[in-house]
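Count along the sequence shown from 1, then add 31; that gives the number in our numbering. Just so you know, even glycine gets a beta-carbon here, dropped at the ideal spot from N, CA and C. Please read all numbers here as calculations on a predicted model, not as lab measurements.
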Amino acid sequence: MAALVFDRAGDFAAARLSEPLSTCPDCGGTGLVRTTTKQNNRTYEVVTPCPRALLQRRASLFNDVHLPAVHAQASFDSYKPSNAEQAKALETAKAFAINFQNTSRGYVLSGPVGTGKTHLLCATLKHLTVERGVKSAYVEISLLYSQIRRGFQDGKSGGEIIGPLSQVDVLAIDELGKGRGSQFELETLDELIARRYNAGKITLFATNYSLKAPEDSKVRGYLGTEGILEASKDSKLLCDRVGDRIYSRLCEMCEFVEFPMNTADMRRSGPQLVAKKKKPA
Numbered sequence: 032m033a034a035l036v037f038d039r040a041g042d043f044a045a046a047r048l049s050e051p052l053s054t055c056p057d058c059g060g061t062g063l064v065r066t067t068t069k070q071n072n073r074t075y076e077v078v079t080p081c082p083r084a085l086l087q088r089r090a091s092l093f094n095d096v097h098l099p100a101v102h103a104q105a106s107f108d109s110y111k112p113s114n115a116e117q118a119k120a121l122e123t124a125k126a127f128a129i130n131f132q133n134t135s136r137g138y139v140l141s142g143p144v145g146t147g148k149t150h151l152l153c154a155t156l157k158h159l160t161v162e163r164g165v166k167s168a169y170v171e172i173s174l175l176y177s178q179i180r181r182g183f184q185d186g187k188s189g190g191e192i193i194g195p196l197s198q199v200d201v202l203a204i205d206e207l208g209k210g211r212g213s214q215f216e217l218e219t220l221d222e223l224i225a226r227r228y229n230a231g232k233i234t235l236f237a238t239n240y241s242l243k244a245p246e247d248s249k250v251r252g253y254l255g256t257e258g259i260l261e262a263s264k265d266s267k268l269l270c271d272r273v274g275d276r277i278y279s280r281l282c283e284m285c286e287f288v289e290f291p292m293n294t295a296d297m298r299r300s301g302p303q304l305v306a307k308k309k310k311p312a
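Structure follows, in structure tokens:
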């Protein structure tokens, strides 16, 4: 029986059929299965999609997400939490993916580097595309900024690149708050989130910055662009990095989950490093 195989294809994760559609014994590669049915003493021919063709469509949906190649095998089962907040993040991501049709909010995962935030984003989008057929996309925010800058050289506007990301059912934005904190970056991020917010689209986020609001937020008042640029220079708070307007929308759009600062870096303690350790002579 054909199944999906996940692997790396250059920069991105890719899915393919274990057995090509052209060899399918049911449809002969057409993607359609013809059967007959009787109703009211009459025989009708019915054409239905071949299960292998449906699987091929799910593979195409997955490939269109452009998940990082390193996370081609990411799944909920392969995520191993080391503390209560990571366990909460796993359950939050699983519940979102399983109950997608009945939810209107995404989630934001915050924590130190190497704690599995991107893993959970990728596992979520894999489940949505492969199991549910949901059109999704993934972007690493600083790479999106670079893509838009390159587009300017080719005569494209930022809106042309952001447009498709505004329309997908679920978008995962990784490394939120990362970047130089320039006016261009703030305006790009604000436009993307505003368009999805106004369209009622669900967005998922991961960030290394704390989700806590500034203690003196009532005193400092609303920050405009100049204030955000100044406040974000040395701040570890996401609110300062993205500004009050975006942060306020995140509060409405998403559930917040923040890992403790001492959460272990999975990359440093992973099996690939253990294997390299030399045994004592």
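Sixteen is the threshold: since fewer than 16 other Cβ atoms of the shown chains lie within 10 Å of the Cβ of residue 214, the residue is exposed. Cβ-Cβ distances below 7 Å link residue 221 to 276 and 277 in the same chain, with the five nearest sequence neighbours on each side left out; the list follows chain order. Under DSSP, residue 36 shares a beta bridge with 47. Residue 164 places its beta carbon less than 8 Å from that of residue 92. Where residue 95 is concerned, there is no enclosing beta strand (DSSP E), although the alpha helix (DSSP H) around it starts and stops at 82-96. DSSP lists 285 as the beta-bridge partner residues of residue 137. Here residue 67 has 74 and 76 as same chain residues with Cβ atoms under 6 Å from its own Cβ, once five neighbours each way along the sequence are excluded.
Between residue 172 and residue 187, the alpha-carbon positions lie close to 18 Å from each other. Burial is judged here by how many other beta carbons sit within 10 angstroms of a residue's own beta carbon; residue 88 has fewer than 16 and is exposed. In the three-state scheme derived from DSSP, where H, G and I count as helix and E and B as strand, residue 197 is classed as helix. Burial is judged here by how many other beta carbons sit within 10 angstroms of a residue's own beta carbon; residue 289 has at least 16 and is buried. The three-state secondary structure of residue 66, taken from DSSP, is strand.
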